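Chains as they are written, first to last, in our numbering: chain A, 1 to 440; chain B, 441 to 956.
Just so it is clear, CB atoms sit at the ideal spot from N, CA and C, and this is done for glycine as well.
All figures in this text were calculated on a predicted structure; none of them were measured in a lab.
Please read the structure below before turning to the comments.
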């Protein structure tokens with residue numbers, strides 16, 4: 001489907017929904033083409049290629065709301081699908097807050113180019129893709145004779161979306177994403193087979209680091225886990241590596257939504273303007289980062305994107321307020337969900353932060369665990385390295401950190417200058433004091 | 441690589457509007473629902489499925505020829521029509537409904553261990569042949585095969601339900617949510633919020649292989665989930681309870697509706713008195729039931745044969761070796777009546793079975809799909825599963841549980857000097873090679889000097905799979921299957937599973953407490 005066909009189908013579906021009895025409606029349609037390759041032992045393990053499409057219909061009828069998706073886009077199927085969606089909605093309970101967002105929140109200017117689509121995508125052929133994964137695997141396997149297995153992977157996607165709101169908004173979007181990397185398993189002395197990975201995701205093909213780097217980095221991360229063991233429980237300094245840090249911020253993001261406030265399941269309820277973290281922490285939601293993985297001009301409600309400071313020097317400045325829960329709370333909407341999260345970065349490099357650790361644990365990854373948005377309690381499993389006097393001593397695993405977000409975020413003492421660029425959460429390494437670890 | 445499981449995934453998908461389809465019946469093509477309604481207890485015929493998907497034997501033969509035209513050893517076609525519905529109650533009103541319809545065919549070509557995969561959402565001869573051609577490219581020869589003799593294989597019926605979900609209209613479901621909500625608020629004056637959801641899935645699948653095997657199945661899922669928030673002296677707590685399975689609406693009896701109303705309130709109120717245990721290694725008693733998450737993470741993923749074929753699992757060299765005490769037997773079973781992880785056939789058309797992973801303490805069998813079974817020269821264990829027609833299958837768990845043992849629950853608890861009793865869980869994860877696994881305890885109790893004392897909440901437990909299997913020192917005779925809606929994630933694919941356990945004692949494991 002091209003742009004014109006998608007828009008025509010969306011308008012037709014919209015018209016049919018309104019004719020069938022909807023008062024308001026949103027229709028969005030996407031197409032994508034996805035290619036995935038797995039490569040190990042010098043051959044392709046798996047090659048998957050497909051195109052897909054789907055239509056999503058939001059129905060608002062007399063303040064009743066429902067949402068429907070289908071990938072069967074034949075007109076006769078859709079006709080029936082839409083009619084039944086609207087008819088079924090009438091059984092729901094009326095809810096005065098169910099209506100489309102006020103058009104004043106729609107973007108005025110859709111002309112800004114955020115560079116989300118790699119113009120060179122069409123020129124990439126299957127030989128290019130296979131060449132990259134074969135080189136990644138080769139680089140990983142060459143790193144050490146202790147490697148049992150290396151699987152290289154590559155994925156790319158091209159997508160196009162169109163959305164039409166019955167109260168006057170039309171948005172169109174095109175983008176590409178590329179992922180590549182490897183997963184490496186190594187031999188340990190006691191029969192264990194520690195594994196680690198290095199995968200990156202970018203908007204442009206040429207932003208993917210070299211195959212050599214991806215393979216070697218995956219191998220380095222796995223190899224340094226050899227001999228990992230848990231150590232004594234106790235309070236340690238905690239340095240969290242940039243690529244792992246976003247997990248900790250996740251404890252906040254669930255509690256910062258209007259839904260959790262309205263549903264009384266947020267420990268940040270009533271905390272607007274109050275201190276919730278160390279003054280070192282400033283969190284910004286920035287939708288306009290060029291080539292950003294979360295960049296956008298409007299969100300799922302059609303609300304115009306805006307850069308916002310969410311937490312400023314430890315003070316909570318904003319919540320993520322979507323159209324529906326904003327109306328329920330009587331609040332102005334901001335946006336339903338974060339676009340790109342950036343932080344006010346520190347001045348020190350990762351190595352400089354490491355030097356500041358007297359007795360601590362460098363956390364290189366989290367494993368499982370969860371958090372409770374109502375109370376702020378959390379507990380995560382982790383892997384990492386014991387650090388003494390600024391030097392890495394040995395690998396550790398099978399340990400947990402537990403606590404409450406209200407306390408732990410006040411123990412943040414320093415941020416690095418090394419944001420992780422391959423995620424919509426561009427978070428740097430972070431250093432905390434006095435964190436409770438459980439191990440032996 | 442890490443694998444994860446989350447019982448809330450299904451719900452979350454629903455709330456994002458990704459999952460969920462038609463609210464009122466009558467949109468199925470062909471005669472499927474009629475066949476279902478009129479031939480209760482009888483088998484639906486292949487022609488019902490052919491009509492439904494708009495195909496016939498001739499076009500299927502042509503697609504198989506195309507798929508194997510580059511020299512592939514084998515191919516299969518996986519047709520699926522899945523309809524998912526979700527309705528939700530919030531602030532005392534059933535004010536949202538989500539539906540999702542997925543329709544298409546996945547085509548897989550194998551060449552040795554190598555997989556070529558493509559799918560199409562348009563079931564037309566042209567689109568299917570194009571997808572077959574794409575998948576065929578995993579091989580690179582030119583080959584012409586003759587036609588395949590297709591033969592229907594009979595399949596058992598582990599999850600009979602009275603009426604397929606797509607015939608239950610939304611107005612029949614709404615009263616369940618309202619009743620539960622009223623009962624939740626009546627149960628305790630401290631309740632301030634209640635969210636109740638009703639999800640159901642109906643999936644028709646037809647699997648045809650180039651070896652001529654034809655199987656088809658109707659796979660239902662039903663779930664009611666209740667989340668409760670309560671307030672006491674300005675402090676808030678939230679907890680959750682759900683009942684799920686390959687069930688029809690008849691499963692939601694007045695008794696089950698009462699449990700869905702009382703249990704989440706009880707679980708929420710208990711958290712007001714909850715403390716955090718000490719940090720470090722201690723004795724852990726796992727309550728009968730959903731504690732089976734221990735098995736899912738500690739051994740189940742590591743026994744999936746793709747990881748062993750690649751030599752990346754910590755269990756890769758342990759078959760026929762002792763891994764646990766003699767009273768420990770662990771199975772992965774797809775045949776439990778109406779349980780969420782049960783499957784009549786796997787997604788490669790193989791019959792489901794009960795597979796012993798550990799038998800009387802000895803490691804016995806991995807969980808195989810077609811590729812790994814061929815690699816090991818064994819019969820498939822019927823464990824090849826996929827999220828939908830958009831994905832290639834791989835070895836997955838079904839219902840993973842431990843058989844009852846020789847001990848009594850009371851003697852287990854009284855044997856613990858200092859430890860915890862873990863009762864409800866939200867999620868878990870594992871590193872396949874290192875064997876590190878975790879699971880998150882939402883609630884439980886401290887055990888002090890052989891007695892259950894204060895409630896505990898929100899702690900993660902982390903251990904090493906093979907070590908914890910060795911450290912299972914007592915197994916009770918009180919086996920229970922989990923009742924909730926667990927979904928297991930692996931390589932980006934979610935499949936419904938269940939798990940179970942009798943009361944079990946692990947002699948030491950690291951608990952994520954707060955003081956050391």
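Proximity below 8 angstroms, CB of residue i to CB of residue j
| i | j | result |
| --- | --- | --- |
| residue 518(B) | residue 546(B) | yes |
| residue 268(A) | residue 354(A) | no |
| residue 428(A) | residue 440(A) | no |
| residue 746(B) | residue 835(B) | yes |
| residue 652(B) | residue 685(B) | no |
| residue 811(B) | residue 905(B) | no |
| residue 939(B) | residue 735(B) | yes |
| residue 820(B) | residue 598(B) | no |
| residue 611(B) | residue 91(A) | yes |
| residue 137(A) | residue 39(A) | yes |
| residue 71(A) | residue 559(B) | no |
| residue 435(A) | residue 408(A) | yes |
| residue 32(A) | residue 48(A) | no |
Sheet register partners of residue i (DSSP bridge)
| i | result |
| --- | --- |
| residue 676(B) | 671(B) |
| residue 433(A) | Beta-bridge pairing links residue 433(A) to no other residue. |
| residue 156(A) | 35(A), 178(A) |
| residue 568(B) | In the DSSP output, where bridge partners are listed per residue, residue 568(B) has none listed. |
| residue 441(A) | Here chain A comprises residues numbered 1 to 440, so residue 441(A) is not present and cannot be evaluated. |
| residue 49(A) | 35(A) |
| residue 656(B) | 646(B) |
| residue 196(A) | 184(A) |
| residue 744(B) | 807(B) |
Residue-level contact to chain A via CB, residue i, 8 angstroms cutoff
| i | result |
| --- | --- |
| residue 938(B) | no |
| residue 788(B) | no |
| residue 636(B) | no |
| residue 692(B) | no |
| residue 474(B) | Because residue 474(B) carries a pLDDT of 41, less than 50, the predicted location of this residue cannot be relied on, and the following value inherits that uncertainty. Chain A contact via Cβ: absent. |
| residue 868(B) | yes |
| residue 447(B) | Note that residue 447(B) scores a pLDDT of 36, beneath 50, so its modelled location is shaky; the value from the coordinates is reported in the next line. No, residue 447(B) does not count as interfacial toward chain A. |
| residue 640(B) | no |
| residue 470(B) | For residue 470(B), the pLDDT reaches just 36, beneath the cut-off of 50, and the residue's location in the model is therefore unreliable, although a value from the coordinates is still provided. No, residue 470(B) lies away from the interface with chain A (no Cβ there is under 8 angstroms from its Cβ). |
| residue 574(B) | yes |
| residue 953(B) | yes |
| residue 911(B) | no |
| residue 441(B) | Residue confidence for residue 441(B) is low, a pLDDT of 40 falling below 50, so the modelled location carries little weight; the figure read from the coordinates is stated next. So yes, residue 441(B) belongs to the interface. |
Residue-level contact to chain B via CB, residue i, 8 angstroms cutoff
| i | result |
| --- | --- |
| residue 156(A) | no |
| residue 286(A) | no |
| residue 148(A) | yes |
| residue 169(A) | no |
| residue 193(A) | yes |
| residue 32(A) | no |
| residue 230(A) | yes |
| residue 61(A) | no |
Contact list for residue i against chain A, beta-carbon separation under 8 angstroms
| i | result |
| --- | --- |
| residue 536(B) | 65, 66, 67, 92 |
| residue 677(B) | 374, 375 |
| residue 399(B) | Any question about residue 399(B) goes unanswered here, given that chain B covers just 441 to 956. |
Expected contact under 8 angstroms - CB spacing of residue i and residue j to nearest Å
| i | j | result |
| --- | --- | --- |
| residue 640(B) | residue 525(B) | 5 angstroms |
| residue 285(A) | residue 308(A) | 5 angstroms |
| residue 844(B) | residue 757(B) | Contact doesn't hold; Cβ gap of about 30 angstroms is too wide. |
| residue 196(A) | residue 225(A) | 6 angstroms |
| residue 894(B) | residue 886(B) | 5 angstroms |
Residues that residue i contacts on chain A, provided the C-beta gap is smaller than 9 angstroms
| i | result |
| --- | --- |
| residue 719(B) | 233, 234, 400, 402, 436, 437, 438, 439 |
| residue 557(B) | 36, 46, 47, 48, 49, 50 |
Closer than 8 angstroms at the beta carbon, the chain B residues around residue i
| i | result |
| --- | --- |
| residue 72(A) | 541, 543, 561 |
Interface residues of chain A facing residue i [CB-CB closer than 7 angstroms]
| i | result |
| --- | --- |
| residue 723(B) | Ordered by position in chain A, no residue passes the 7 angstroms Cβ test against residue 723(B), which lies about 14 angstroms from the chain. |
| residue 878(B) | 367, 368, 369, 381 |
Listed by chain order, chain B residues near residue i by CB distance under 7 angstroms
| i | result |
| --- | --- |
| residue 397(A) | 874, 876 |
| residue 119(A) | Under the 7 angstroms cutoff, chain B gives no residues; its nearest Cβ is about 25 angstroms from residue 119(A). |
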